[in-house]
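Enquirer:
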Amino acid sequence: MTKKQDLSIQDSVREAKRYLDNAKEILREKAGKDGNFYHDAKYVKMAGHTAYSGVLFALDHHFGKKTKGRKDVDWYKLNLSKQDRKILNSFVVVYELFHLVMAYDGVGHADVIKVGFNEAERIIDWVETRTAA
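Structure below.
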């Protein structure tokens, strides 16, 4: 089994995008969209967690290992603030929408979820361009 730190940037980005695709599939196939809302909170939570994990996967490849303890949201914010404030803002949106609103609260408003996916894709694309440079 290959560790994520050993993956190439292309493989890491591909894997992060796969997480987002899986989250979209969970919403599409299982969450029961009616109008502008997904109704099954269990699957909304699962999709939120999956999408957030994809963003963290990409960022982990970019930042590498933390020297002490576990990574937490503040660690990601600190590292992003040193490199790109706009991407930091995108990360805060992703954290709040995917991790808190979806994964914890199970809120499934389609417009809110769409914003989260747009910001997540922006972060993953940023990681791809920053790491390739």
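First residue of the sequence shown: 0, per numbering that gives the first Met the number 0; consecutive thereafter. Virtual Cβ for every residue (Gly too), placed ideally from N, Cα, C. These figures come from a predicted structure and were not determined experimentally.
#1: Please return the same chain residues whose Cβ sits closer than 7 Å to the Cβ of Tyr-75, not counting the five positions on each side in sequence.
#2: Taking the alpha carbon of Phe-36 as the reference point, which residue from Glu-120, Tyr-18, Ile-112 and Ser-52 has its own alpha carbon closest?
#3: Can you list, in chain order, the stretches of the alpha helix (DSSP H) that have 4 or more residues and sit fully within the region 35-105?
#4: Can you give the Cα-Cα distance for Lys-85 and Gly-105, rounded to whole angstroms?
#5: Considering only the alpha carbon of each residue, which of Tyr-103, Trp-125 and Asp-5 lies closest to Val-43?
#6: How big is the Cα-Cα spacing for Ala-15 and Val-72?
Expert: Based on what the coordinates show:
#1: Leu-58 and Phe-90
#2: Ile-112
#3: 40-62, 72-82 and 84-93
#4: 27 Å
#5: Tyr-103
#6: The straight-line gap separating the alpha-carbon atoms of Ala-15 and Val-72 is approximately 18 Å.
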